[in-house]
Amino acid sequence: MRVELHFHLLPGVDDGPTSVQESIELATLALADGTGTVVCTPHVRDVDVLSVPARVEELRAQLRTAGVPLQLEIGAEVAQDDVAGMSDAALEIAAHGPPGRRWILLEAPLSLDPAGLFDAVAEVRARGYAVLIGHPERCPSLMTGQGGRGLDELAAAGAPLLQVNGSSLTGRHGEQARRWALELARAGRVAVIASDAHRPSRGPVLSAAVAALTSAGFAPETVELMVAETPCSLLREGIPLFA
Ligand SMILES: [Fe+2]
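Oh and the sequence shown: position 42 is 41 in numbering that gives the first Met the number 0, straight run, nothing missing.
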């Protein structure tokens, strides 16, 4: 089954679902989208990360009661400005993978200036974690390499793995983001596609993203890797800090 590495499913913590009912609805949509596991990734700025494990456990129980057999994992979406203020315990809760290969979901900023992203990558790595960059296609200066701070420089700084939003591939974030997402896929630079779902009206789109890529000429088995095998292996096997 598919695995979502970037998904706002916890109720009432960030700009995701506002109620348990909405979370259950969103979880049901994820299952219908072919997903078996969702990593709960609330924005760090909106939640006490130390409370995330208990919140996930509570939602697991609520899904069980509602008869929704979706597996949940603990995580968080870290922004560049969050890193310095996160304790070691918070970073550890946000991280995935086995010891020695743990990694953090670090989002590319939607703003024009990604300079802080490079500092954040450096700090996360210095604290012992590899990085998966969330939605780079939504960061224009990163995509255009403005000021010598593009994806090549980011890869050279130790963050080559990219998670593209399915919602970019479906055009939700505009034509430019859609084109960049497609460009990254064509260049073989997309490790993972995730929905970055927030609520039932901005729900899971892995099937739609797979359809968008296959209709653009990608082989279905290549695309399925990005929504199933690869995210699954990142959770189980992690990312080496030094490739
Ligand atoms: Fe997100």
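All C-beta atoms, glycine included, are put in the ideal place defined by N, C-alpha and C.
Values in this document were obtained by computation on a predicted structure and should not be read as measured data.
In three-state terms, what does DSSP make of residue i?
i: THR143; result: helix
i: ALA251; result: Here the chain has residues from 0 to 242 only, and residue 251 is not among them.
i: ILE73; result: strand
i: GLN162; result: strand
i: ARG171; result: coil
i: CYS39; result: strand
i: ALA88; result: helix
i: ILE23; result: helix
i: VAL209; result: helix
i: THR229; result: helix
i: PHE6; result: strand
i: LEU240; result: coil
i: GLY187; result: coil
i: ALA129; result: strand
i: LEU105; result: strand
Here's the rule: buried if 16 or more other CB atoms are within 10 angstroms of the residue's CB, otherwise exposed. What is residue i?
i: ASP81; result: buried
i: SER110; result: exposed
i: ASP32; result: buried
i: ARG54; result: buried
i: PHE241; result: exposed
i: ALA60; result: exposed
i: PRO239; result: exposed
i: ALA114; result: exposed
i: ARG44; result: exposed
i: ALA83; result: exposed
i: ALA78; result: buried
i: MET0; result: exposed
At a cut-off of 6 Å, would you count residue i as near ligand 3, judging by its Cβ distance to the nearest heavy atom?
i: GLU76; result: By its list of ligands, the structure shown excludes ligand 3, since it contains just ligand 1.
So, under 8 Å CB-CB, residue i and residue j are touching, yes? Tell me the CB distance rounded to an integer number of Å.
i: LEU8; j: PRO16; result: 7 Å
i: ILE132; j: ALA107; result: 6 Å
i: ALA166; j: SER206; result: According to the sequence provided, residue 166 is Ser. The question's Ala does not apply to it. At roughly 12 Å, the Cβ-Cβ gap does not stay under 8 Å, so SER166 and SER206 are not in contact.
i: GLU21; j: ARG198; result: 6 Å
i: PRO135; j: VAL191; result: Actually they are not in contact, since the Cβ atoms of PRO135 and VAL191 sit about 12 Å apart, beyond 8 Å.
i: ALA176; j: ARG137; result: 5 Å
i: ALA196; j: LEU69; result: In fact, because the Cβ distance is near 12 Å, the residues do not count as touching under 8 Å.
i: ARG100; j: GLU236; result: 7 Å
i: ALA208; j: LEU168; result: 4 Å
i: MET142; j: VAL189; result: Contact doesn't hold; Cβ gap of about 13 Å is too wide.
i: LEU153; j: VAL120; result: 7 Å
i: THR27; j: VAL2; result: Contact doesn't hold; Cβ gap of about 17 Å is too wide.
Have a look at the options and flag the residue whose alpha-carbon is nearest the alpha-carbon of residue i.
i: VAL46; options: GLU76, ARG148 and GLU57; result: GLU76
i: ALA89; options: GLU236, LEU49 and ALA190; result: LEU49
i: GLY187; options: PRO203, VAL43 and LEU161; result: LEU161
i: LEU234; options: LEU58, LEU25 and ALA129; result: ALA129
i: ALA156; options: ASP118, GLY170, GLY99 and PRO10; result: ASP118
i: TRP179; options: PRO203, LEU150 and ALA196; result: LEU150
i: LEU62; options: GLY146, LEU116 and PRO10; result: PRO10
i: LEU183; options: VAL204, VAL222, PRO203 and ASP13; result: VAL222
i: ASP112; options: SER140, LEU58, ALA154 and ALA65; result: SER140
i: HIS42; options: ILE103, VAL67 and VAL2; result: ILE103
i: VAL204; options: ALA78, GLU174 and ASN164; result: ASN164
i: ALA125; options: SER232, ALA158 and ARG148; result: ALA158
i: LEU116; options: GLY127, ASP87, ARG148 and ASP14; result: ARG148
i: ASP87; options: ALA29, GLY127 and LEU71; result: GLY127
i: GLU91; options: LEU58, VAL51 and ALA65; result: VAL51
Three-pair Cβ contact test at 8 Å for the segment 211 to 219 versus the segment 31 to 39: no
Three-pair Cβ contact test at 8 Å for the segment 38 to 57 versus the segment 87 to 106: Yes, the segment 38 to 57 touches the segment 87 to 106.
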